[in-house]
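The structure under discussion appears below in the form of structure tokens.
Protein chains in written order, with the working numbering: chain F, 1 to 681; chain A, 682 to 1174.
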């Protein structure tokens, strides 16, 4: 009983904080807003730690909080499922959220929307917790859309910027496209399982494994394949997988703390979490898993390429996030769900670190985000420098660091999937391997350009405004440029509220992989939570055979291909950007076609703008002007009015004005009616 | 007392409205306003026991009143509510308070007549929802047109006469077919106007089809369904704010209600036979109208089109013949009452200040009206069907019900998740976000206490229904199950 109150406390504490800061944002002083929300999130974090220990002791929970609604034979409930997967997510979410809350005190210091911002991020924490703690699809969808709402509010936090309010609408709508698939998936679950409760659905799934449904014509489709693909479309929206990834780079319009919290560490991983949660369903459809692995591989590789050419510091990290989400998705597709969650966790720490580090740089640079204007910052911002270096090393998979254990496991899982002959896995294996080089290259390109080399800041202002493509995104990138450092001005290290979270995030970025890999991937940690059909999908079983401890894995990796690729990525970027900056410029000139393609982000945005946005507006115009105004109103409504007018002009002839004409007509009429009445009776 | 609750719910607003007229003639606007609010509140109070005292296990009629009206033709004053109609009586009484409060400072011209028209209409509409006699229903159904016609025609915008006429003729055309159908049923049933008797009446399929089409036209105009919907945007644009609220929140529900009270139970075979037609029209409403809403430049037109799309969900839910579909549709109707009422009120708030409904005349309203922007955001999200708001519940149920019915029907319906969000948020973005667009926006003042109270109450209703819809669906179960059992039995003999 006591524990159940604690479960409830976890989401409620941030919600109360959000309500205090939000409903009274115009009357309370700033310290009340940040104290209330930080207290709420801290309570949630510590309660999560207690719950985590309790779960490790074997006390899982699955129960209802209240019945949301009943209809027909269906019950919809709000309830919690507390197991190791949930608690892992709870810890990640509350910890990163707590760090971001503290960081925000420094980052948003000068912003008039201070209280509102705290309210939003606490509300986000609440929504995300409801999402991960849910024990049913309905509440999952609740949390799913609620985090989308807060993301919308936060991307558009600076609501007077045209680019921000474009980006937030885009994010919401693209996510809605994903949710469109998601709700159909949920509908299929309800229609065939008769409930939305996880436990019941998962228990019943094997029985329905062979069920087929007719979707189009006479062809029989596997129910599991259709359902899982529909659900995964939802994940593609939220976790920004190609082609629904287009919103994430634009979401960088939001303040940096939320880029770290929402658009790197937590919300965007909701899709990964969801698929892992649904492992008993996805395991029943190799087709769906192949779809997942291909989408993931495309995202992992091709979004990584885009990271190479970005000049906005946040955008580099954003594309890196897209690419890493692709890695997680590849893990899901290879049935290595625990590896996906493992990478989700390590990524949450080091990517939040990188984003917050980027934010710290942005503060130091007085809101100049262009890495071409930076350089040599290590002298001025030592803590930011060291922590960013740690984050970058973790990201590229340096042996013994957090990202290494998770990413190497993904690569191995993809390799096993490839050898087991899973469709699409060969490409995925290639993509994740190539991605290692790309990741190392763009990460250290950014690192060198920002922290090393020539100091390029404080120069004359016009240097900022080169290379205008007339592209929407470049305008937004340059939006902040008029801030920047004045000539001669130096960057400065940020206050402790900013650097403390960096340090606290750097610790797990180094250590967590080493300590967590054995229990999480090869222990009993996810037993009974994640379901794998080892016969059909041998990745995890194979990985377990190969695994001989975290130390051995680290040592062994020094001779393997991924390490060599990562190392060469770092070396090449050092050579290109430290030693011979003329080479990348020459390559850009030489391969200008590829450069243009990358600069236009493979033309996804242009395509969407023309085909979907333009098409919808055109369709609306045609249906409105053509359908409603011309045909229905013009032809039918006003047309019939004209016909009535015409008939009236004839009947007018009968209105002679002579009473005896009328009387005569009336008599005839009455007699006809009477005759009818009598003959009928 | 509790035996006469329904009569009170009908006649308190009607006689109260007449009293308001008298108070107006006696020459005091503020007194007549106060009296109108008092009547509206009293009218609402008498409907509360309908909900609190409702027996959820009973699927039949409750709070029944029966008395002879015109014995010669066996026409009775027969009232009652079941789980399908009860919530609409309460909703109607609730919206009446909102409407009176919404016109408080805004209407300065013929105040007493304005309020009286709304109160009388409220009583008449309660009559529609509670009538169990065909002629009684018809009388209320037709009579309710008159106050709304006057509201648009007298207090409306520049093209009010065209709009009022279009509205009147459209709906009158439907009503005439409806009357013919009633007469046929009267003759067939051997001289009864009792709707409940008609539910048991065996009718041949051919006759059912004709009757169904007559009902369909009558109700489709009211809902409104595509393609007889074009009166609604015009009526909304010309109507004063209060008129739009009542039109969207209550008047549109009358047609939908008619399907459940007449078409489905009286003509089950024809309903099944022609369900494809209704579903097709509903999906057209959802998709086609969604696109049309996207390109509207007038906020009221946009929300009017969005109403049509939302009502498409209602008719869609009805004709899937499942508990989930029908209950989802009913929930959608109640929710739409709150949300569209609030949307029209929000537009009214801006119109009162700037005297324009054109999206292009706004921009950056959040800078000068932050409180308003926050509440408008809530209702916009509800309009886009965001979970935790009432707008989600009905759409969710109908879509989920539709997946079971037919995947592609669900597919088309679910597309509103994207289109609905697109037209609502695009409007919100252009009106509310951005830099201050012009001096009108610059000079805006944030909502006052009265406006805040109205939007606050609607916000609470919207959130309550989104977070805990069980009290709303609970009352429907028994009646909806009865209805479904009834619809499943053929009446062809």
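The beta-carbon is built from N, C-alpha and C at its ideal position, and this holds for glycine as well.
Residue-level contact check: residue 1008 of chain A touches chain F, since one or more beta carbons of chain F fall below 7 Å from its beta carbon. Exposure of residue 665 of chain F is indicated by the presence of fewer than 16 other C-beta atoms within 10 angstroms of its C-beta.
Look at the beta carbons and you see the region 431-439 of chain F touching the region 384-403 of chain F: at least three pairs across the two are nearer than 8 Å. In this chain, the beta strand (DSSP E) harbouring residue 221 of chain F covers 220-222. For residue 619 of chain F, the neighbours in chain A by C-beta distance under 7 Å run, in chain order, 972.
Taken atom to atom, the span from the alpha-carbon of residue 415 of chain F to that of residue 283 of chain F is near 18 Å. Here residue 1023 of chain A has 1060 and 1139 as same chain residues with Cβ atoms under 6 Å from its own Cβ, once five neighbours each way along the sequence are excluded.
Within the region 886-914 of chain A, 908 and 911 place their CB atoms closer than 7 Å to a CB of chain F, listed in sequence order. Residue burial annotation: residue 659 of chain F is exposed, with fewer than 16 other C-beta atoms found within 10 angstroms of its C-beta. Three or more beta-carbon pairs separated by less than 8 Å link the region 270-288 of chain F to the region 233-245 of chain F, which places the two stretches in contact. Using a Cβ-Cβ cut-off of 7 Å, residue 77 of chain F does not count as an interface residue toward chain A, since no Cβ of chain A sits closer than that to its own.
Taking a beta-carbon distance threshold of 7 Å, residue 159 of chain F counts as an interface residue toward chain A. Here the C-alpha atom of residue 431 of chain F lies approximately 19 Å from the C-alpha atom of residue 317 of chain F. Proximity to residue 1153 of chain A across A:1068, A:1010, A:1083 and A:1119 peaks at A:1010, based on C-alpha coordinates. Taking a C-beta distance under 7 Å as the contact criterion, residue 762 of chain A and residue 718 of chain A do not qualify as a contact pair.
In terms of Cβ geometry, residue 290 of chain F and residue 424 of chain F form a close pair [threshold 7 Å].
By the CB criterion at 7 Å, residue 494 of chain F and residue 363 of chain F fall inside the cutoff.
Look at residue 721 of chain A: its C-beta is not under 7 Å from any C-beta on chain F. Remark: fewer than three beta-carbon pairs, one from each stretch, lie closer than 8 Å, so the region 257-265 of chain F and the region 326-334 of chain F are not flagged as touching. For chain F, the residues of the region 1030-1047 of chain A that bring a beta carbon within less than 9 Å of one of its beta carbons are 1045 and 1047, in chain order. For residue 527 of chain F, the secondary structure class from DSSP, reduced to helix, strand or coil, is coil.
Fewer than three pairs of CB atoms, one per stretch, sit closer than 8 Å, so the region 788-804 of chain A makes no contact with the region 746-755 of chain A. DSSP places residue 67 of chain F within a strand segment (E or B) once states are collapsed to three.
Within the region 960-993 of chain A, the residues whose Cβ lies closer than 7 Å to some Cβ of chain F are 969, 972, 973, 975 and 976, listed in chain order. Per DSSP, residue 2 of chain F is one residue of the alpha helix (DSSP H) stretching across 2-23. DSSP, read as helix, strand or coil, puts residue 212 of chain F in strand. Around the beta carbon of residue 447 of chain F, 16 or more other beta carbons lie within 10 angstroms, which makes this residue buried. Close to residue 614 of chain F, with beta-carbon spacing below 8 Å, lies no residue of chain A; the smallest spacing is near 12 Å. Under the three-pair Cβ rule at 8 Å, the region 78-97 of chain F counts as touching the region 2-14 of chain F. Taking the CA atoms as reference points, residue 1008 of chain A sits about 36 Å from residue 89 of chain F. In the DSSP assignment, residue 812 of chain A forms a beta bridge with A:760.
Rounded to the nearest whole angstrom, the CA to CA distance from residue 745 of chain A to residue 684 of chain A is 7 Å. Selection A:997, A:934, A:868 and A:1086 evaluated against residue 960 of chain A yields A:997 as nearest (Cα-Cα).
Shown here for residue 927 of chain A: same chain residues with a beta carbon closer than 6 Å to its own, the five before and five after excluded, namely 780 in chain order.
Within chain F, not a single residue places a beta-carbon under 8 Å from that of residue 937 of chain A; the smallest gap is close to 18 Å. For residue 355 of chain F, not one C-beta of chain A is nearer than 7 Å to its own C-beta.
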